[in-house]
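Chemist: Residue numbers (the numbering used here), protein chains in the order written: chain C, 5 to 116; chain A, -4 to 106. Quick reminder that beta carbons are idealized off the backbone N, C-alpha and C, glycines included.
1) Return the first residue and the last residue of the beta strand (DSSP E) that residue 14(C) is part of.
2) Is it the case that the Cβ atoms of residue 28(A) and residue 46(A) are separated by a distance below 9 angstroms?
3) What residues from the region 21 to 50 of chain A come within 9 angstroms of chain C, judged by C-beta to C-beta, listed N to C?
4) Out of 34(A), 95(A), 50(A), state which residue places its alpha-carbon closest to the alpha-carbon of residue 64(A).
5) Check whether the region 47 to 67 of chain C touches the region 11 to 21 of chain C, counting contact only when three or more Cβ pairs, one atom from each stretch, lie closer than 8 angstroms.
6) Within the 9 angstroms Cβ cut-off, does residue 56(A) reach chain C?
7) Per DSSP, which residues does residue 41(A) bridge with? Please list them.
8) Taking all protein chains shown into account, decide if residue 22(A) is buried (16 or more other Cβ within 10 angstroms of its Cβ) or exposed.
9) For chain C, is any of its Cβ atoms less than 9 angstroms away from the one on residue 4(A)?
10) For my contact list, residue 47(C) and residue 79(C) are in at a C-beta cut-off of 8 angstroms; report their separation, rounded to the angstrom.
11) Please return the same chain residues whose Cβ sits closer than 8 angstroms to the Cβ of residue 22(C), not counting the five positions on each side in sequence.
12) If you draw a straight line from the C-alpha of residue 106(A) to the C-alpha of residue 14(C), how long is it?
13) Span of the beta strand (DSSP E) holding residue 73(C)?
14) Might you give, ordered along the chain, the residues of its own chain that have their beta carbon closer than 6 angstroms to the beta carbon of residue 114(C), omitting 5 neighbours on each side?
15) In chain C, which residues lie with their C-beta within 7 angstroms of the C-beta of residue 98(A)?
16) Have a look at residue 0(A) and residue 99(A) and give me their C-alpha separation to the nearest angstrom.
Structure, rendered in structure tokens:
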């Protein structure tokens, strides 16, 4: 298996622009997580899905952030409009019972 | 709620030194416990896990024992190498496969 695949690996965008991050989980995993990592706040759970249904989005910082999982093999995290304080590394991860969480390599987002 | 507390870093050791990184967790429910490692520019990788009290997880020379009486899951390695330099995260499971991570401990091993 190729593992969790995220795209793009790096994204530089201007403040106010829309940003879309993409994730393909490991086949057969029924949980999908979006995390954000910064030096100041460490690793934060933004939202997670079970069987494509959002279970807990209490970590989403504000309405500018939205996430979707239209099917078992694809998820997006969208920021609209983006702000400089959104600059971080965003990780997607997937899991199934007993497997632990498997992370993608992350998307480094820079908003200028 | 669920939480994990791990020792502040950075930890700097000489090659072949003994490593301990302390981790404690909140004792709600019957969590599984994990150690993850993050190398520069990469995502977190599962290093080892333990699913019940007194279990010992081990991998690549690292070990950690699930201690229910002290709510601890300390990471140890007998002889560290330069290639072990990374950030180590302790974590515990919760409901719905949700995993709560500690703040991470940076390890630097010098030759």
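Modeler: Here's the rundown:
1) For residue 14(C), the enclosing beta strand (DSSP E) has its first and last residue at 14 to 17.
2) Yes, the pair counts as a contact, with Cβ atoms nearer than the cut-off.
3) The residues in question are 27, 29, 31, 33, 36, 37, 38, 39, 40, 41, 44, 46.
4) Of the candidates 34(A), 95(A), 50(A), 50(A) places its Cα closest to the Cα of residue 64(A).
5) In short, these stretches do not touch, since the Cβ pair count stays below three.
6) So no, residue 56(A) is outside the interface.
7) In the DSSP output, where bridge partners are listed per residue, residue 41(A) has 31(A).
8) Its Cβ having fewer than 16 others within 10 Å, residue 22(A) is exposed.
9) Residue-level contact by beta carbon fails for residue 4(A) and chain C, as no gap is shorter than 9 angstroms.
10) Residue 47(C) to residue 79(C), Cβ: 18 angstroms. No contact.
11) Counting only Cβ-Cβ distances below 8 angstroms, and skipping sequence neighbours, we find 82, 83, 84, 85, 86.
12) Cα-Cα distance, rounded: 32 angstroms.
13) Run containing residue 73(C): 69 to 75, per the beta strand (DSSP E) assignment.
14) Around residue 114(C): 16, 91.
15) Going along chain C in sequence order, the residues near residue 98(A) (Cβ under 7 angstroms) are 46.
16) Between residue 0(A) and residue 99(A), the C-alpha separation is close to 9 angstroms.
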